[in-house]
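Residue numbers (this note's numbering): 3 to 140.
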């Protein structure tokens with residue numbers, strides 16, 4: 003990895019295209035730490051500014067999907083206008099493969115201080131050996 007220092011000079015052109023309008027704001031959303039314990043995995047997901055009621059967890063085909071929605075509650079009046087906004091309003095989601103044997107009842111979730119903590123149990127892998135199928139190359 004190479005570290006490149008940030009320029010200290012002001013460049014209007016670069017600053018203009020670094021604005022959230024031209025980049026994906028959601029790339030910094032839902033930062034996640036995953037820890038492994040002896041019997042489970044623990045996911046800590048940053049969701050600052052979201053309400054518990056607007057966070058959904060779903061499990062389908064072995065994928066745990068976390069989605070969150072934040073609505074803009076600020077009103078602009080005629081005497082003021084925003085010059086710059088960095089707060090995120092909208093929807094975001096992430097999915098993690100947790101295995102086909104995990105069921106909804108096995109997953110525990112808690113939301114506190116802007117952090118969603120999810121515990122997913124480790125399941126024993128099915129020891130049945132599946133027949134390896136060769137794919138023909140044409």
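Ideal Cβ placement from N, Cα and C applies to all residues, glycine included.
How would you call residue 72, buried or exposed, if buried means at least 16 neighbouring beta carbons within 10 angstroms?
Counting Cβ neighbours within 10 Å, residue 72 comes out buried, since at least 16 surround it.
Can you grab the Cα-Cα spacing for the pair residue 45 / residue 80, in whole Å?
Each residue's alpha carbon lies about 44 Å from the other.
Taking only three categories from DSSP, how would you classify residue 110?
Three-state DSSP puts residue 110 in a strand.
Among 100, 101, 74, 98, which one has its Cα closest to the Cα of residue 88?
If we check each option's Cα against that of residue 88, 74 comes out closest.
Just to confirm, does residue 68 get its C-beta within under 8 Å of one of the non-hydrogen atoms of the ligand FMN?
No copy of the ligand FMN occurs in the structure displayed, which carries no ligand at all.
Give the secondary structure of residue 55 by DSSP, where H, G and I count as helix, E and B as strand, and everything else as coil.
The answer is helix: DSSP assigns residue 55 an H, G or I state.
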